[in-house]
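One structure is given below, encoded as structure tokens.
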Amino acid sequence: MCDYRSNKTTYIRIDDKDFICVHDMHYICPHSDYGPGKDNKKAFCIFHNDREDKDLEYFCKEFKKLYESGKHDFRDFIFPKDFDFSKLRVEKGGLEFKEANFGGATFSGEADFIEATFSKWANFGEAKFSGVANFSRVTFSRKTCFMEAKFSGKACFVGAKFLGGADFMEATFSERAEFRGAKFSGQAYFVGAKFSGEADFINATFSEKCKVVFRGKTFDDNKKAYFENLNIEKDADLIFNEVNLNCVRFLRTDLSKIDFLKVYWTGRKYKSLFYWGRIKVFDEKFQEKGWPLRNLQLLLYNLRYWLFKLKKEPKEREEKSRLRTFFRKIVFKILKQFKISVPRKREQEHYEVYRLYNQLLFNYEGTNRHHEAGDFFAGQMEMRRRGYLDGKIFSWILLILYKITSEYGERPLRAFGWLLVVWLIFGYVYLQIGLYPSAGGEILQKSIIIQKNIFAFLRDYFQGLIVSLDIMTIGRVKQLYNMYTVVDKPIASVFKFIQTVLSAILLALFLFSINRKFKRK
């Protein structure tokens, strides 16, 4: 008899009430002795023998008998490197397993379960996949367990159906994991699972009333994960809890249907409302790669668009303006010579990311997480600004100024900081133009280079600041303080007008930003 003995007892949940024992400390392997293992101390059956030179043909023959018997207990089996499920699949016209227990099994080569059907529960807990694990288009009819499974090669679950729920708790994916087009029903847990390679869940379906949970440091910081174009049905519950979403893409997925709990987005989150940083979705950051050349291309392209709108109807417009058409052709040739074009899919990607931010804004405001919602509003406006490169130059410029001055109304302290900058700069400018006392007297004027007597300079600069503040407040300071006045010169009138306009705009932005903050709270 085989000397294999289980050293632990393990249960898995197969539904809301029932558990099944997949490892039993009292289990005795019923298979006949094949020979000693690597240590030459104990004798094992062909299935549990760890020798690399064991007879592959004999293994396949005995495995076929076990499969045909309907007793699909393969716990801790060691599959040879060249073992292939495809031969059995072709011979039987498909693979069907009932109460399949692959717990602790070792697959030395490729594990090919393509289009197999697991009509009852299936257990791959603590299984080790050294090569490709291919579960493409597999149907798991009841609960499936991959708890603590180790995928050293590529894990492929493309089109797989988890109809009774799945458990990937503490599973390890060392290479790319593909769940593209997979369907999840019931409860599926990726709690503590680790994806060291890329993770692909594109076009996955989360059925009605299912619950799928990702929790912990699941995705690697330097590897991308794709949750694009997900089909999240009514009452489906998709949860990301304490997950790093630094490199996760969500394009064309409705994020208002996903629960984000203490997740970490890309970018850094700052407590200071003045700081330039904000949290972002990776889809925005992904588009920023190569932005200097891309923005140059966009600007030159839109220069062509703004000046000449004859591209779509060249024949009709050529009759109206031959000179304009001639000029257009020359410019088009120059642009073509320098290979200036529009990046592919630029428009729809910007608007898709805009839609993501809009859904996140709705999601976070609904749960009173206003600080993050503010950052998502800023991201929404940023995508709107980039989309305005299609001929709306004036709106584009306004949005740039809106971003620089207050991060689209989300950084009130930044707007206040710009107010201080304007006040300080124009105080110095007025000192250079010249100041004289209201009661009459010697004109006060300093050179651009600060004098050695720093205290005298600061005293005079203070008078310039008083004048600057008076202009910002439209003469209110003059009523309270006997101050200096700017020398009556044309250049002084120009600077006064500029400061008045800038101050009014920045003050309005500051008050608007404050209003947004208090309105949310």
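Going by the working numbering, the letters in the sequence shown line up with residues -3 to 517, in that order.
Beta carbons are placed, not taken as given, at the ideal position from N, Cα and C, and that holds for glycine.
Contacts around residue i, its chain only, beta-carbon distance under 8 Å, and the 5 residues preceding and following it disregarded
i	result
A184	F158, G161, A162, D163, F164, C206, K207, V208 and V209
Q495	V418, F422, S464, I467 and M468
F186	F164, M165, A167, V208, V209, F210, R211 and T214
N359	L251, S252, I254 and F256
N-terminal and C-terminal residue of the beta strand (DSSP E) that residue i is part of
i	result
L409	Taken as a continuous stretch (DSSP letters only), L409 belongs to no beta strand (DSSP E), being part of the alpha helix (DSSP H) at P408 to I429.
A520	Given that the chain is displayed from residue -3 to residue 517, the structure contains no residue 520 and the question cannot be resolved.
R211	K207 to R211
T481	Y480 to V482
I254	I254 to L257
Residue environment, residue i, which counts as buried when at least 16 other CB atoms sit within 10 Å
i	result
R520	Beyond the ends of the chain as shown, which are -3 and 517, falls residue 520; an answer cannot be given.
D108	buried
K305	Summary for K305: the model assigns pLDDT 49, below 50, so the residue's position carries little reliability; its value from the coordinates is reported in the next sentence. That one is exposed.
K(-3)	According to the sequence shown, residue -3 is Met rather than Lys. M(-3) should be labelled exposed.
A500	exposed
E345	buried
D484	exposed
G151	Checking the sequence shown, residue 151 turns out to be Ala, not Gly. That one is buried.
S181	buried
K509	The identity of residue 509 in the sequence shown is Ser, whereas the question assumes Lys. It is buried - the Cβ of S509 has at least 16 other Cβ atoms within 10 Å.
P530	Beyond the ends of the chain as shown, which are -3 and 517, falls residue 530; an answer cannot be given.
F43	buried
E87	exposed
V482	buried
I487	exposed
R340	In this predicted model, R340 has a pLDDT of only 46, less than 50, meaning its place in the structure is not dependable enough to derive any value.
N242	buried
Unbroken alpha helix (DSSP H) run spanning residue i, endpoints
i	result
K61	L52 to S65
K83	F81 to K88
R172	Run containing R172: none; DSSP gives neither H nor E here.
I450	I450 to M468
For residue i, the residue or residues it bridges with in DSSP
i	result
E92	T113
F246	Answer is none; F246 lacks a bridge partner.
L234	V208 and I254
N511	None; N511 has no bridge partner.
A129	A107 and A151
N97	D69 and N119
N218	DSSP lists no partner for N218.
D196	E174 and Y222
D582	Since the first residue of the chain shown is -3 and the last is 517, residue 582 is not available in this structure.
D163	C141 and Y185
G31	F40
D76	Reading off the sequence, residue 76 comes out as Pro, not Asp. Answer is none; P76 lacks a bridge partner.
R24	Checking the sequence shown, residue 24 turns out to be Ile, not Arg. DSSP output for I24 lists R1 as bridge partner(s).
Y260	N240
Cβ neighbours of residue i in the same chain (closer than 6 Å, five flanking residues each side left out)
i	result
I518	Summary: the structure shown does not reach residue 518, with the chain confined to residues -3 through 517, and so no result is reported for it.
S381	Checking the displayed sequence, the identity of residue 381 turns out to be Arg instead of Ser. Hits under 6 Å: L395.
A112	L91 and V134
F373	L357
I445	For I445, the predicted structure reports a pLDDT of 48, less than 50, and the residue's modelled location is therefore unreliable. The matter cannot be settled from this model.
T201	K179 and N227
A123	F98, A101 and A145
S203	S181 and E229
D217	N242
S337	With a pLDDT of 46 at S337, under the threshold of 50, the modelled position of this residue cannot be trusted; read the value that follows with caution. The answer is none, since no qualifying residue turns up.
Nonlocal neighbours in the same chain, by C-beta distance under 7 Å from residue i, ignoring five residues either side
i	result
K116	K94, E95, S137 and R138
V244	F215, A221, F223 and F278
F270	Low per-residue confidence applies at F270: pLDDT is 44, beneath 50, and the placement is therefore not dependable, though the value from the model is reported in the following sentence. Cβ neighbours of F270 beyond the five flanking positions: R407, L409, R410 and G413.
K308	Model confidence at K308 stands at a pLDDT of 48, short of 50, so the residue's coordinates are unreliable and nothing is read from them.
Interface flag, residue i vs chain D, CB-CB below 7 Å
i	result
G99	The displayed structure is made up of one protein chain only, and chain D is not part of it.
Report yes or no: do three or more beta-carbon pairs, one from the stretch 390 to 398 and one from the stretch 364 to 372, lie closer than 8 Å? no
Indicate whether the contact test is met: 3 or more Cβ pairs, each with one atom in the stretch 87 to 106 and one in the stretch 125 to 137, closer than 8 Å. yes
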